[in-house]
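Protein chains in written order, with my numbering: chain A, 947 to 1491; chain B, 203 to 342.
Everything on this sheet refers to the single structure shown next.
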Amino acid sequence: MKEIGWTEKWTLRFAVVALLFLTLSGFEGMLMRTQLYDKDALHGMEAALNTLRPGVGEPTTEELYYSMLTAHPIVGIYGFVYMAVFGAFYFLVPLLLEKPLKHKKLVPVNFWLQIIGVMTCWAAGFFGLFNSLYTLYWPLPVTYDRVPVWGSIAFMIGAAIIMVNILLFAFNLFSTVLSANGTRKYSFFQFLRSAFGIPRLMKMLGKEDKSAPNLDYNGLPVFIVAVGRGSIDTVINALVLAVAGVVILVYGLAYVFNSPLNPDWIDPLLFKNVYWWGLDMVADGNALIYTAGVWYLLIPLLTGRKLFGANVVKTVIMVDLLVSMAVWSHHLLGDTSQPMIMRLLSGQFITWGEFFTMGLTIFASLMTVWLARPVKMTPALKFALGSMFGFMMGGVAGLIQANVGLNVVFHNTQWVVALHAHTFLLTGVGTMLFSVIYALVPMLTKLEFKSKALVDAHFWLWIGGSVIMAYAMGMAGARGMLRRTIYEGGQYQPYSLVAIIGGLLASLGFLAFLINLINTIGLRNVLSLFLPEKWMGGEAAPAQA
Amino acid sequence: MDPRERNWLFVLIAIFLVFNIITLSPLVPWQKWLLWSKPTPDQTFYIEYGDYEIRLPEGGIEVKVGEYVEFVATSDDVTYGFGVFRKDGSMVFQQQVLPGRENRIIWKFDEPGMYDVRSTEYSGPRHSEMYVPDAIRVTQ
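Given below as structure tokens:
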């Protein structure tokens, strides 16, 4: 591998750890799929692992299952997705802005804090049996005869570390984007006004502020516009989750010090609204906006053609940001206590805003590819197109469940978590991140992926496997199979079996990718990213100062 | 905006309108009473949740096909779910059961038979035990 620079080296480190987290999350997913097929299938493994858990006695299969179910999304989203995003953005943002990162010292801080935070949450489940699930529906996380108090405290500390770390990352991105680069600099407040389209609104009302920056037309690359606007959702998400975590932490510490606080002080419906408002900024905010930004960046780069409708898509990103502020009620459609007007407006109609923004985003991307014909179907382009398929499939499933009528029979079923969430995360976001890795590895290392056959195997096994898994469980959900429920007596076994086969296929695809990646970069070079040079005993790839 | 993009936007608007009009209409049968007519229930049943238990009214729940029945579910500890299922496991309807509130839903059964009740929301490691077979009898 050619000598690589400091930023490139850190980006590769983030990518490697992200892939390790994906491996862990995928392994957990397969274990849970197996238990949905046969609840008792893992008793031997549970007994062996219990020897590693001091002081918890003999936990039940249910306690272990729900603890794993709690840790699984944290590892998948904040371990895999966020680590990959950190690494990619820390390379791409300075590159596209043609100026250095504002706070380089924060890069290793982000790297280690994210690992510590995610592993603390994971350990809170594995050792502390914290099982409240990521939804944290009040007052379950502070009901200590169901959720172990020390597990709860550890999980909230881990979550707080993750959220503070995400805020540091966003601070670094904003500082870099807004810093002067020889022309002008913006204040954060100016940026915020521009991100929400306020100067444009003022212009329409005849009160033009000529000194205000205009995020849409001031020459910033579309990708940077998406990073800037998406990061507003990232910040809100981190702030809300951090506050929720601190509240639960305070209840936990008060309990430990024999001064338990009254859970009735907090209204469950209000907590659920605020928590989902913040939590949803990931699923319906930054995930969509960052993804759109990546497509807008990669598609022109890979096809050699200017993005179709570039100015329109900048507006689309702004609409996406506005929409993401008001769609959280689609998570409360099963709550008959939630006012119907909220369920209809926020839960259903405004949620359809994402149909328009993603519809226009995918149209602009596909038109760019179409107009650039003939295009070379590189691995990165292939995976970018695959990720669009994932977003379309997961998006349609999401719109079906985000409906006040249909949600009556879909809420909390496997449809929601499989056909919508996992299609989005695996077939959509996961495939998009693979596209980024396929695009960035040659840029970072000057090495091309060695095996085209392994790229194709990765693509078809990953897409095919994840779709088969999601479809099987989605159909089980349509027949009443609940999420967050482990069944006695082997109900829905045929669906679970097909889902396991799908999961295994996707795992094989991922394995093909890892073999190809390591074969391309070299195991020694991968290890040299983490181990001191003297341990490598010779010519590893040194980082440039 | 490019004309092709504008045409695509019109297609998206058409899909939005068609899907939402259909799913808000009585073509989805329960929308007739959940969204539009708000009928006065013929019977009301109170279901209490607490300590991983679903406590049905004494004497059970017996309703007739075609009559409007209101289910009022309450919880005295954490959030649960009130889900009604056919014997083949498919779901008839459900709602969340938030503590400190009367969670109400009106339903009209169109098939006689026995129906099961299961908690549809995670409430702790014993959540999966919260299953009451043959909880509702629906007669002609």
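Each residue gets a CB set at the ideal place from its N, CA and C atoms; glycine is no exception.
Note that the coordinates shown come from a computational prediction; the quantities given were computed from them, not determined experimentally.
Residues of its chain near residue i, where Cβ-Cβ distance is below 7 angstroms and the 5 sequence neighbours each way are ignored
i, result
"B/Pro301", "Ser277, Asp278, Asp279, Val280, Thr281"
"A/Trp1096", "Gly1074"
"A/Thr1324", "Leu1248"
"B/Arg328", "Tyr254"
"A/Ala931", "Within the shown structure, residues of chain A are numbered from 947 to 1491, placing residue 931 of chain A beyond reach of any answer."
Cα-Cα separation, residue i to residue j
i, j, result
"A/Leu1379", "A/Ala1330", "9 angstroms"
"A/Ala1487", "A/Ala1106", "Low per-residue confidence applies at A/Ala1487: pLDDT is 49, beneath 50, and the placement is therefore not dependable enough to give any value."
"A/Pro1145", "A/Arg1139", "7 angstroms"
"A/Val1321", "B/Thr225", "41 angstroms"
"A/Gly972", "B/Met332", "29 angstroms"
"B/Ala275", "B/Gly283", "9 angstroms"
"A/Leu1052", "A/Ala1272", "32 angstroms"
"A/Leu1463", "A/Ala1326", "14 angstroms"
"B/Val265", "B/Gln342", "9 angstroms"
"A/Gly1025", "A/Ala1229", "15 angstroms"
"B/Asn222", "A/Glu1434", "38 angstroms"
"A/Val1355", "A/Gln1347", "9 angstroms"
"A/Ile1383", "A/Arg979", "28 angstroms"
"A/Gln1490", "A/Gly1152", "With a pLDDT of 44 at A/Gln1490, under the threshold of 50, the predicted position of this residue should be treated as unreliable, and no value is reported."
"A/Phe1115", "A/Asn1056", "7 angstroms"
"A/Ala1418", "A/Ile1409", "14 angstroms"
"A/Thr1369", "A/Ser1205", "44 angstroms"
"A/Val1181", "A/Phe1035", "16 angstroms"
"A/Thr1282", "B/Glu260", "25 angstroms"
"B/Val319", "B/Ala337", "6 angstroms"
"B/Val230", "A/Ala1190", "37 angstroms"
Closest Cα partner of residue i within the set the options
i, options, result
"B/Thr242", "B/Val334, B/Glu207, B/Val271, B/Phe287", "B/Val271"
"A/Leu1365", "A/Val1413, A/Gln1294, A/Ser1397", "A/Val1413"
"B/Glu313", "B/Gly261, B/Glu207, B/Arg339", "B/Arg339"
"A/Gly951", "A/Ser1442, A/Thr1391, A/Ser1453, A/Met1415", "A/Thr1391"
"A/Val1193", "A/Tyr1221, A/Lys1153, A/Gln1437", "A/Tyr1221"
"A/Leu1047", "A/Leu1059, A/Gly1033, A/Gln1060, A/Trp1058", "A/Gly1033"
"A/Phe1395", "A/Arg979, A/Ser1270, A/Gly1468", "A/Gly1468"
"B/Val220", "A/Leu1393, A/Phe1295, A/Lys1328, A/Phe1337", "A/Phe1295"
"A/Val1031", "A/Ala994, A/Phe1137, A/Leu965, A/Asp1091", "A/Leu965"
"B/Phe311", "B/Phe212, B/Tyr254, B/Asp244, B/Ile215", "B/Asp244"
"A/Tyr1242", "A/Gly1332, A/Ile1287, A/Ala1172, A/Gly1224", "A/Ala1172"
"B/Trp238", "A/Val1350, A/Leu1185, A/Leu1428", "A/Val1350"
"A/Leu1059", "A/Pro1087, A/Leu1147, A/Leu1113, A/Phe1037", "A/Leu1113"
"A/Val1401", "A/Val1387, A/Phe1459, A/Gln1136", "A/Phe1459"
"A/Ile1245", "A/Thr1307, A/Val1362, A/Gly1165", "A/Thr1307"
"B/Val178", "B/Arg257, B/Val294, B/Thr246", "The first residue shown for chain B is 203 and the last is 342, placing residue 178 of chain B beyond what the model contains."
Interface residues of chain B facing residue i [CB-CB closer than 9 angstroms]
i, result
"A/Ile1432", "His329, Ser330"
"A/Asn1358", "Gly283, Gly285, Gln296, Gln298, Thr322, Glu323, Tyr324"
"A/Leu940", "Only positions 947 to 1491 of chain A appear in the structure, and residue 940 of chain A is not among them; the question remains open."
"A/Met1313", "Asp204, Arg206, Glu207, Trp210"
Own chain residues within Cβ distance below 6 angstroms of residue i, not counting five before or after
i, result
"A/Tyr1011", "Gln981, Ile1432"
"A/Arg1175", "Ala1141, Ile1235, Ile1263, Leu1267"
"B/Gly252", "Asp278, Asp279"
"B/Asn305", "Ala275, Gln297, Val299"
"A/Leu1352", "Ile1346"
"A/His1404", "Gly1455, Ala1458, Phe1459"
Proximal residues of chain B, C-beta to C-beta of residue i below 7 angstroms
i, result
"A/Val1413", "By Cβ distance, chain B contributes nothing, its closest Cβ being about 22 angstroms from A/Val1413, past 7 angstroms."
Close-in-space but distant-in-sequence residues of the same chain around residue i (CB under 8 angstroms, 5 per side omitted)
i, result
"A/Ser1133", "Leu1124"
"A/Leu968", "Gly1022, Gly1025, Phe1026, Gly1376, Phe1456"
"A/Thr1249", "Thr1314, Val1315, Ala1318, Val1321, Leu1327"
Beta-carbon separation (whole angstroms), residue i vs residue j, contact threshold 8 angstroms
i, j, result
"A/Thr1303", "A/Val1265", "5 angstroms"
"A/Met1065", "A/Leu1187", "Incorrect: roughly 18 angstroms between the Cβ atoms, too far for contact."
"A/Tyr1438", "A/Ala1422", "5 angstroms"
"A/Gln1284", "A/Leu1278", "5 angstroms"
"A/His1357", "B/Gln296", "6 angstroms"
"A/Ala1343", "A/Val1259", "Rounded, the Cβ-Cβ distance is 24 angstroms, inconsistent with contact."
"A/Met1029", "A/Phe960", "5 angstroms"
"A/Leu1015", "A/Arg1430", "7 angstroms"
Chain-ordered chain B contacts of residue i [CB-CB under 8 angstroms]
i, result
"A/Gly1351", "Thr225, Leu226, Val230, Trp232, Gln233, Leu236, Leu237"
"A/Val1265", "Under the 8 angstroms cutoff, chain B gives no residues; its nearest Cβ is about 12 angstroms from A/Val1265."
"A/Gly1255", "Met203, Asp204, Glu207"
Residues that residue i contacts on chain A, provided the C-beta gap is smaller than 9 angstroms
i, result
"B/Ile307", "Thr1282, Val1354"
"B/Met316", "Going along chain A, no residue has its Cβ under 9 angstroms from B/Met316, so there is no contact; the nearest lies around 15 angstroms."
"B/Phe247", "Going along chain A, no residue has its Cβ under 9 angstroms from B/Phe247, so there is no contact; the nearest lies around 15 angstroms."
"B/Phe311", "By Cβ distance, chain A contributes nothing, its closest Cβ being about 14 angstroms from B/Phe311, past 9 angstroms."
Under 8 angstroms by beta carbon: chain A residues contacting residue i
i, result
"B/Asp279", "Pro1085, Thr1089"
"B/Pro301", "Pro1085, Pro1214"
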